[in-house]
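K.L.:
Each residue of the sequence shown is one higher than the last, beginning at 41 in my numbering. Even for Gly, the Cβ is constructed at its ideal location relative to N, Cα and C. Keep in mind that this is a model prediction, so the values were computed, not measured. What follows is a single structure, and I will ask about it in a moment.
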Amino acid sequence: MGTFEELVAEGAAVPLEGWDFSWFEGRATEERPPWGYAGLIASRLAAVSSALDLQTGGGEVTASAPVLPPLMAATESWPPNASVASRNLPLVVQAPDNGPLPFRSASFDLVISRHPVVTPWREIARVLRPGGTYFSQQIGAGTNSGLTDFMMGPQPVSEARSAERSRADAEAAGLEVLRLEPAELRVAFFDVGAVVHFLRKVLWTVPGFTVEGYRDRLLAMHEHIREHGEFACTSARFLIEARRP
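What follows is the structure in structure tokens.
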């Protein structure tokens with residue numbers, strides 16, 4: 041383990057483009073959900089003629105599927121990520137996360153999304169063909185709240201990201217929920233540099249995070265990891281599948 045200053049500087053210098061977390065190998069771990077999202081979407085993508093990946097990030101997960109449908113579109117709101125995604129997927133459109141979606145109604149057999157910032161349920165229902173499905177792995181309520189609380193002090197947990205709230209919103213948009221499966225997963229950070237990079241990349245964990253603004257808490261994190269070998273917390277995920285009647 042390097043010094044506090046070395047680790048913080050390293051975490052602050054890592055590029056943020058794309059949604060590839062391979063930099064964290066050996067420095068942080070997150071337990072994987074039991075359902076295997078990448079494999080599930082791969083089988084679905086191979087079985088349809090048209091699909092849309094919302095908030096694709098760098099497009100890495102969808103591009104890993106062995107077979108893509110003849111019409112494979114994606115959206116991404118952050119220009120650096122959209123640039124990366126355009127190298128990985130055939131059609132990427134820069135569009136706001138909360139809609140509107142720049143596609144005609146009833147355009148897609150399948151809409152997918154991994155860890156969307158927001159889920160524009162009514163727009164999803166609009167662009168799905170009758171009988172089409174939305175399939176998504178989502179970040180649940182209270183994800184990494186232990187890390188948030190360590191950095192900011194105790195914070196209330198909003199239910200806006202809860203699985204049941206998603207069910208209600210999907211049904212309100214006219215979709216039929218076929219599957220809703222939650223999971224709680226262990227997360228561990230092994231050095232403060234990994235914490236810095238994570239907080240820069242996953243912005244909603246500590247809103248407004250900067251190294252200088254949180255230097256005292258980062259130093260406390262560094263000492264905690266030196267004493268305990270890691271900083272551990274819990275993330276929440278859920279899988280949701282909904283169909284347009």
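1) To which residues of the same chain is residue 170 closer than 8 angstroms at the C-beta, ignoring the five residues directly before and after it?
2) As a quick exercise: from 223, 47, 121, 149, pick the residue whose alpha carbon is nearest that of residue 60.
3) Who are the near neighbours of residue 227 in its chain, counting only those whose CB is closer than 6 angstroms to its CB and skipping five residues on each side?
4) Does the Cβ-Cβ distance between residue 114 and residue 85 come in under 8 angstroms?
5) Name the two residues that bound the continuous alpha helix (DSSP H) containing residue 64.
6) Along the chain, where does the beta strand (DSSP E) containing residue 143 start, and where does it finish?
7) Which residues share a DSSP beta bridge with residue 287?
8) Could you tell me how far apart the beta carbons of residue 143 and residue 167 are, in whole angstroms, since I believe they sit closer than 8 angstroms?
9) So, does the region 253-267 touch the region 99-109, judging by three or more C-beta pairs under 8 angstroms?
10) Does the pairing of the region 147-156 with the region 202-219 give three or more beta-carbon distances under 8 angstroms?
11) Does the beta-carbon of residue 46 have 16 or more other beta-carbons within 10 angstroms, so that it is buried, or is it exposed?
12) In chain order, which continuous runs of the alpha helix (DSSP H) of length 4 or greater are located wholly inside the region 94-143?
13) Quick one: what does DSSP say residue 182 is sitting in, helix, strand or coil?
14) Out of 44, 248, 56, 96, point me to the one whose CA is closest to residue 131's CA.
15) Need the endpoints of the alpha helix (DSSP H) that residue 266 sits in, please.
16) What does the Cβ neighbour count give for residue 94, buried or exposed, with the cut at 16 atoms within 10 Å?
17) In three-state terms, what does DSSP make of residue 71?
18) Rounded to whole angstroms, what is the Cα-Cα separation between residue 151 and residue 260?
19) Once the 5 residues before and after residue 192 are set aside, which same chain residues still bring their CB inside 7 angstroms of it?
20) Please name the residue, chosen from 98, 222, 239, that lies closest to residue 119 on a Cα-to-Cα basis.
P.N.:
Reading it off the structure:
1) 146, 284, 285
2) 121
3) 70, 273, 275
4) no
5) No alpha helix (DSSP H) contains residue 64, which DSSP labels as neither H nor E.
6) Unbroken run through residue 143: none, as it is neither H nor E.
7) The question about residue 287 has no answer here: the residues shown for the chain are numbered 41 through 285.
8) 5 angstroms
9) no
10) no
11) exposed
12) 100-103, 119-128
13) coil
14) 96
15) 255-268
16) buried
17) coil
18) 43 angstroms
19) 246
20) 98
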